[in-house]
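All you need for our numbering is the position in the sequence shown, starting with 1, plus 3.
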Amino acid sequence: MGSFFSYAVIAAGFGIGIAAFGTGIGQGLAVKSSVEGIARNPEASGKITVTMLIGLAMIESLCIYALVVALIILYAYPMTKPIAAALGFKI
Numbered sequence: 004m005g006s007f008f009s010y011a012v013i014a015a016g017f018g019i020g021i022a023a024f025g026t027g028i029g030q031g032l033a034v035k036s037s038v039e040g041i042a043r044n045p046e047a048s049g050k051i052t053v054t055m056l057i058g059l060a061m062i063e064s065l066c067i068y069a070l071v072v073a074l075i076i077l078y079a080y081p082m083t084k085p086i087a088a089a090l091g092f093k094i
């Protein structure tokens, strides 16, 4: 059985990987929709571009939050002793 910290590293890696995958899919769909909107109505390209950039910033913030949580798991070790004791690990 591995150590508690090795499982924490694996969990942090999976968390940031899943967040990055979801962010990439979301940003791709957002850009696709905005390009289609600009192609249909070129006069509205300024408003569509501004709205797209704000939306992309919101989507990217979710990945940044996942990165912060992963870094907290890796370096701050919150609730390490109670969780490890509940799972039967010795620290």
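Backbone N, C-alpha and C define an ideal beta-carbon position, used for all residues, glycine too. Since this is a predicted model, take the numbers as computed values, not measurements.
Going by C-alpha distance, which of the options is nearest residue i?
i	options	result
T54	T26, Q30, G20, F92	Q30
A60	V34, S9, R43	V34
A23	G91, C66, S48, Y80	C66
L32	F8, G58, K50, G18	G58
I62	G25, I21, G20, Y10	G25
Throw me the rounded Cβ distance for the residue i and residue j pair, which I believe falls under 8 Å.
i	j	result
A69	G18	6 Å
S9	F92	Actually they are not in contact, since the Cβ atoms of S9 and F92 sit about 10 Å apart, beyond 8 Å.
For the structure I just gave you, are there three or more beta carbon pairs, one from the segment 80-91 and one from the segment 22-39, closer than 8 Å? The segment 80-91 makes no contact with the segment 22-39; the number of CB pairs closer than 8 Å stays below 3.
Three-pair Cβ contact test at 8 Å for the segment 14-32 versus the segment 71-81: In short, these stretches touch, since the Cβ pair count reaches three.
For a minimum of 3 consecutive residues, which ranges assigned as the beta strand (DSSP E) are wholly contained in the segment 63-94? The qualifying runs do not exist here; there are none.
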